[in-house]
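Written below as structure tokens is the structure these notes are about.
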């Protein structure tokens, strides 16, 4: 329930603070005094988008704050889900800063509009004369039936499971589409993979093969060059080796004249030995070189194969071909993995559908059982509200599809008159009748469950006399179970309130300001007399006011 409300610098309101008690509080005032402004301020606390021009003085901050007693509403889990500190006395604050930026707080923690709206739905239920259109919403009608039948927990379980089911459906669809694409490409990918598997890419050294190919293509020329080198080294009299031997003898003859000559002689010996080794290696290489057409053909084929694969896949080396081969292998293998995953999802979908059907049947049965008690109470209250011949025919059909609200198709067919043709509420009921229907529903629900704070904004519009009196009685009965704030122009409703607040405005030379004050017993008599007879009320209006209050 709302404990207190504070509004500063909002529209025509400069600074208003007031407490709300349990039971029924009525809010009265002349048209234009600011009742709708006050309701607008409360709506901002519940997450309504701010009109950034709402601040009375745009140079100052607008602050709207309310304290709620949530100790009886089982909201601890909600606060945990929203990651907000739970307090039995919870404070919600909304600020509009100079410049137009809006921000919200719950227990001094910054929150977004979605969080304010989610909490607001748990705390306050606002109904105005224009909200009766929701009566024709199947979602609303099913919600009423579920509240009557105590199906909220079962419905939460169903909707949670339905979200999981739809997530699985989406995944199954996406994977099936991926599998279809994969199957279209599978044959081609398998062909490409087979081509790449025909050669052992890991063991192939392409640069070495290219070098070997070049060598095999020039065997004769290499042999001729090696023969010339050998001849240069071994030619009689003028051979390179003979000249080096002669060089070493000459240097050795000088070794007795200094160490430097000896070192030169030693170095010449090293050259002779190195050249001798080189000569033997040239001999071995020359002896091993021969034309090998078979090897030449193999190397050429390997290189041609590699080059074709590289051209085909637009790469330049074997490492890149290996990467492409592994990607193709993954795609081919993935086709089988997709089939396995799809089969798993389909199995899980079937199991989830079975659970959903079971819950939906339970919900359907609960709704079915409550139809008669609800219709009877509904028609009984409407009879008290001046509609003795009203009938509500509730048609509940089981469907084959999973919906957000179960597997039911619901229709409320209403007629206000005996023998009248039943139809949808919005089409066959007048504005005044819709207000009474909404009040009847809230009255029934208040007997069954703990409702949040109810705010009725001129829900009694379009009625008068005895019917207004009966509506006031119903509101008062609702207030026995839930806190109720009724904004009204009817004296009958105002008189039924346990507490009475009056909104009025005053104008000076500068501006018009909306004020609010609680009324004591004497002030209530005057206010209700004015509601009956206007500002120039008569003694009979005063007497009537006293009678209504008593």
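Residue numbers (our numbering): 1054 to 1603. All residues carry an ideal CB built from backbone N, CA and C; glycine is no exception.
Discussion item. In whole angstroms, give me the CA-to-CA distance for residue 1033 and residue 1528.
Written reply: Not covered by the structure: residue 1033. The range shown for the chain is 1054 to 1603.
Item to complete: Tell me residue 1060's beta-bridge partners as DSSP assigns them.
Response: 1069 and 1117
Item to complete: State the Cα-Cα distance for the pair residue 1236 and residue 1335, rounded to the nearest angstrom.
Response: 60 Å
Worksheet entry | Meets three-Cβ-pair contact criterion under 8 Å: the region 1550-1559 and the region 1068-1084 | Taking 8 Å as the limit for Cβ pairs, the verdict is that the region 1068-1084 does touch the region 1550-1559.
Practice prompt. Thinking residue 1272 and residue 1342 are a contact (beta carbons under 8 Å), I'd like their distance in whole angstroms, please.
Written response: 6 Å
Worksheet entry | Contact check, residue 1144 vs residue 1120, beta carbons under 9 Å | yes
Practice prompt. Work out the CA separation of residue 1095 and residue 1524 for me, nearest whole Å.
Written response: 24 Å
Discussion item. For the alpha helix (DSSP H) containing residue 1362, name the first residue and the last one.
Written reply: It spans 1346-1366 - the alpha helix (DSSP H) in which residue 1362 sits, taken as one unbroken run.
Worksheet entry | Same chain, Cβ closer than 6 Å to residue 1413, neighbours up to 5 away in sequence not counted | 1459 and 1460
Discussion item. My output table needs one value for residue 1209: the three-state DSSP class, helix, strand or coil.
Written reply: Of the three classes helix, strand and coil, the one that applies to residue 1209 here is helix, per DSSP.
Practice prompt. Could you tell me which of 1584, 1591 and 1602 sits nearest to residue 1084, measuring between CA atoms?
Written response: 1584
Worksheet item: Assuming residue 1178 and residue 1507 make a contact with CB atoms under 8 Å, what is their CB distance in whole Å?
Response: 5 Å
Worksheet item: Taking residue 1541 as the reference, which of 1535, 1558 and 1521 has the closest Cα?
Response: 1521
Discussion item. Considering just the uninterrupted stretch of the beta strand (DSSP E) at residue 1164, what are its terminal residues?
Written reply: 1162-1164
Worksheet entry | Of the residues 1250, 1127 and 1249, the one placed nearest residue 1206, counting alpha carbons only | 1127
Item to complete: Identify every residue that forms a DSSP beta bridge with residue 1552.
Response: DSSP lists 1078 as partners of residue 1552.
Item to complete: Using a threshold of 9 Å, state whether the C-beta atoms of residue 1098 and residue 1054 are closer than that.
Response: No, they are not a contact pair.
Discussion item. Let's see if you can read the secondary structure: which residues bound the alpha helix (DSSP H) around residue 1322?
Written reply: 1312-1341
Discussion item. Judging by CA-CA distance, which residue of 1086, 1215 and 1339 is the nearest neighbour of residue 1403?
Written reply: Comparing Cα positions, the closest option is 1215.
Item to complete: To the nearest angstrom, report how far apart residue 1247 and residue 1381 are at their CA atoms.
Response: 10 Å
Practice prompt. Would you be able to state if there are at least three C-beta pairs under 8 Å between the region 1528-1537 and the region 1484-1504?
Written response: yes
Practice prompt. Determine the burial state of residue 1107: buried for a count of at least 16 other Cβ atoms within 10 Å of its Cβ, exposed for fewer.
Written response: buried
Fill in: DSSP-derived helix/strand/coil call for residue 1612
Nothing in the structure corresponds to residue 1612, since the chain is present only between 1054 and 1603.
Fill in: For residue 1222, the residue or residues it bridges with in DSSP
Answer by DSSP bridge pairing: none, since residue 1222 is not bridged.
Item to complete: Starting from residue 1604, follow the beta strand (DSSP E) in both directions and report where the run begins and ends.
Response: Because the chain is modelled from 1054 through 1603, residue 1604 falls outside the range shown and cannot be assessed.
Item to complete: Just mark residue 1495 as buried or exposed, buried being the case when its beta carbon has 16 or more other beta carbons within 10 Å.
Response: So residue 1495 counts as buried.
Discussion item. For residue 1262 and residue 1268, what's the separation of their Cα atoms in angstroms?
Written reply: 10 Å
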